[in-house]
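Residue numbers (our numbering), protein chains in the order written: chain B, 1 to 243; chain S, 1001 to 1237; chain C, 2001 to 2268. Idealized CB from N, CA, C, for every residue including glycine.
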């Protein structure tokens, strides 16, 4: 792999880790939009990057990850950009004849159609299933210009009762989930809480005691604040012994 | 014998006032930054892409980059009554035009990206400080951009081209007087996105001004880049 | 997203056990810091941070006519602008009630305490007086804007000077004035807003806590002849307050006042 001037400029900001599945050196450097990350025709520009001639250029601010030939930029800040398949947590704001309007903190409104519920709901019992003000975990199955269609037809989705919810920067959600869910599993284990994570940055927690519920939030907020991600699970194992 | 031209504050002709830049200063915002040229301090916050009301203002083909610039009442010597005036409205619009060329607005149809710029302390060059702050705040907010935008006011003191005029220099009256030429450009490209001029300048002088500004903007870009990178190093939110 | 009823119920449950997410007691204030000189064009200015809430306040002096019913006094005007910069909730356009109430509450605290010696602000009796403009701008709203704004106003007033005049009797912006604004020494007005949620009363809520509250009562307090005096009071919101709750607040107020003044003294 050709070393470019970019690499030396960013040396002190880098964060590396070995990807277990491929024993590949993964390099991460902070980049700003318009910055050349690497130069060379062999590289494959992925999310958050684009190719301009010989160069792979960042289109967003964040951590550029160079894993073998693939380059992508992991965002660290910003509003939630909805994607198909995202699980989100939202609040019911209205009931229409066709379904429920759900506020999921996105630029266009979320809508849960009647036929995306896990069972048949009669038009007269809509508000018994989900009333205005209720909180729900749903999946995005379609994104249109004027709205986002949601579905409850999957495991783990549906109305959330009890507990509380709070927001983190949406870009931090992947590290709270962890590789193959390792981080969220650790949190659930150490605090005994139910945790549902929305890609839109909203997190729902319900535990046996208030102390554990507060502890789970502290843990998650601590994870969200960490800048570099390698060794985060080990770091949190230690954190839980001290907090 | 030619009289050597000296700027009122002793700076070299192409020297900026001391610059301060910081990113991540408003926790509630999706992106935020402060940028200062000497005593002129601008703070910017970006919210979005988010929902735009009223609905009829939504553009189904792209995001609306809504810029709002204003002075705080106590940022100027004669207190400014709160609320945007015509000057602020005009600067808001040219700021929008200065920034939109680098932003991928097509990627976010029907939404609004709100850019709020306020001047905490005004000592000339407020719109240029505002654009520099907004450019960093937009990047900080993770908005897809093809580059940053850098802005500075060039000017003339009689026949000499200078950059980053102070308030004192704006009031210069000898010879050809003072000319205030506010410019913004895409950081790494020969594309000027803001051109506003008040004063007296011959057409032959303009290319030289553009080239001086291009050089000075490289410095501004370095400072903006450093502030953005430090925000992650220091873990600021 | 607005605070949901499930979070609100959780907060009520937590408060009834004297617990808060950030580990504070129900009547504890967050960390306070004050900086001066936000703008060198202001006669006085300050930036106050309480936790993540940040407000800047500026004091400007202008010359004007006295009010007809007070020809021997200067004028005071307090204004606030809830900049959309500070919160995703704040919008451009005409001010909502919160934007109108905030400056009025701060105005009451300052005015009723008589901390500014308005009678010393006369230039020519009946004709020309100084008008003090206190302008409040939230920079980041994480709850409790009123109390933070009052601290900002107090700090800015404390730094403020009366501008020098030139030979024509107009303000000379180039001369640096050393004439401090005439303030009653030791008066130090502050506001304390108690928020009620469920059956619990809290001070200095974060935005999340504030959104879950049902009512609020703001008291203006100052020292008069070395005694704590309440100068103003306003209740907002739909929930009621019992006399026991109000009495409890009366016990808490002087203690909290002394505590905040002690922290502020470092900065004043």
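Original post:
Considering only the beta carbon of each residue, do residue 171 (chain B) and residue 1030 (chain S) sit closer than 8 Å?
Top reply: no
Subject >> Minimum C-alpha distance to residue 2159 (chain C) - residue among C:2023, C:2035, C:2070 and C:2170 >> reply: C:2035
**OP:** Say whether chain C places a C-beta atom closer than 8 Å to the C-beta of residue 1068 (chain S).
**Re:** yes
Original post:
For residue 1020 (chain S), does the three-state DSSP call read helix, strand or coil?
Top reply: strand
Original post:
In terms of residues, what are the limits of the beta strand (DSSP E) holding residue 1150 (chain S)?
Top reply: 1149-1157
**OP:** Inspect the beta-carbon positions of residue 1119 (chain S) and residue 1041 (chain S) and report whether they are closer than 8 Å.
**Re:** yes
Original post:
Nearest chain B C-beta to residue 1132 (chain S) closer than 8 Å, yes or no?
Top reply: no
Original post:
Under a three-way DSSP split, which group does residue 1224 (chain S) fall into?
Top reply: helix
**OP:** Can you have a look at residue 2081 (chain C) and say buried or exposed, based on whether 16 or more other CB atoms are within 10 angstroms of its CB?
**Re:** buried
Original post:
What first and last residue would you give for the alpha helix (DSSP H) that runs through residue 1185 (chain S)?
Top reply: Where residue 1185 (chain S) is concerned, there is no enclosing alpha helix (DSSP H), although the beta strand (DSSP E) it sits in stretches over 1178-1186.
**OP:** Identify each residue in the stretch 160-172 of chain B for which the Cβ-Cβ distance to at least one residue of chain S is less than 8 Å, and report them in chain order.
**Re:** 169 and 171
Original post:
Per the contact definition of three or more C-beta pairs closer than 8 Å, is the stretch 51-60 of chain B in contact with the stretch 1018-1033 of chain S?
Top reply: no
Subject >> Uninterrupted beta strand (DSSP E) stretches inside the stretch 2196-2243 of chain C (no shorter than 3 residues) >> reply: 2200-2203, 2215-2224 and 2227-2237
Original post:
Going straight from the alpha carbon of residue 2173 (chain C) to that of residue 1073 (chain S), what length do you get?
Top reply: 16 Å
Original post:
Under the three-state reduction of DSSP, which class applies to residue 111 (chain B): helix, strand or coil?
Top reply: strand
**OP:** Report the residue from C:2064, C:2018 and C:2044 whose alpha carbon sits nearest the alpha carbon of residue 2268 (chain C).
**Re:** C:2044
Original post:
Does the beta carbon of residue 1007 (chain S) sit closer than 8 Å to a beta carbon anywhere in chain B?
Top reply: no
Original post:
Skipping 5 residues on each side, what residues in its chain have a beta carbon closer than 8 Å to that of residue 185 (chain B)?
Top reply: 178
Subject >> Cβ shell of residue 1164 (chain S) (< 7 Å), same chain only, five flanking positions each side left out >> reply: 1016, 1017, 1037, 1125, 1152 and 1153
**OP:** Kindly list the residues whose CB is nearer than 6 Å to the CB of residue 219 (chain B), restricted to its own chain and excluding five residues on each side of it in sequence; keep chain order.
**Re:** 187
Original post:
Does the count of Cβ pairs from the stretch 2125-2135 of chain C and the stretch 2054-2066 of chain C closer than 8 Å reach three?
Top reply: yes
Original post:
For residue 97 (chain B), which residues from the same chain have a beta carbon less than 8 Å from its beta carbon, with the 5 sequence-adjacent residues on both sides left out?
Top reply: 123
**OP:** Output the distance between the C-alpha atoms of residue 192 (chain B) and residue 2197 (chain C), rounded to the nearest integer angstrom.
**Re:** 28 Å
Original post:
Looking only at C-alpha atoms, which of C:2206, C:2167 and C:2079 sits nearest to residue 2025 (chain C)?
Top reply: C:2206
**OP:** Check whether the stretch 2161-2175 of chain C touches the stretch 2086-2103 of chain C, taking contact to mean three or more Cβ pairs, one atom from each stretch, closer than 8 Å.
**Re:** no
Original post:
Whose CA, out of B:113, B:129, B:206 and B:181, lies closest to the CA of residue 2010 (chain C)?
Top reply: B:206
Subject >> As assigned by DSSP and simplified to three states, the class of residue 1215 (chain S) >> reply: helix
**OP:** Look up residue 1111 (chain S) in the DSSP assignment and give the residues it is bridged to.
**Re:** S:1051
Original post:
What are the boundary residues of the beta strand (DSSP E) that includes residue 1196 (chain S)?
Top reply: 1192-1198
Original post:
When the cut-off is 8 Å and only beta carbons count, does residue 214 (chain B) lie next to chain S?
Top reply: no
Subject >> Three-state secondary structure assigned by DSSP to residue 1066 (chain S) >> reply: strand
**OP:** Check the Cβ-Cβ distances between residue 2004 (chain C) and every residue of chain B, and say whether any is below 8 Å.
**Re:** yes
Original post:
Just the Cα atoms here: how many angstroms apart are residue 2265 (chain C) and residue 2203 (chain C)?
Top reply: 21 Å
Original post:
So which residues of chain C does residue 1121 (chain S) contact, with C-beta pairs closer than 8 Å?
Top reply: 2038, 2039, 2040 and 2041
Original post:
Do the CB positions of residue 1098 (chain S) and residue 1033 (chain S) come within less than 8 Å of each other?
Top reply: no
**OP:** Starting from the Cα of residue 244 (chain B), find the closest Cα among B:55, B:176 and B:159 and give me that residue.
**Re:** Any answer about residue 244 (chain B) is impossible in this case: the structure gives chain B only from 1 up to 243.
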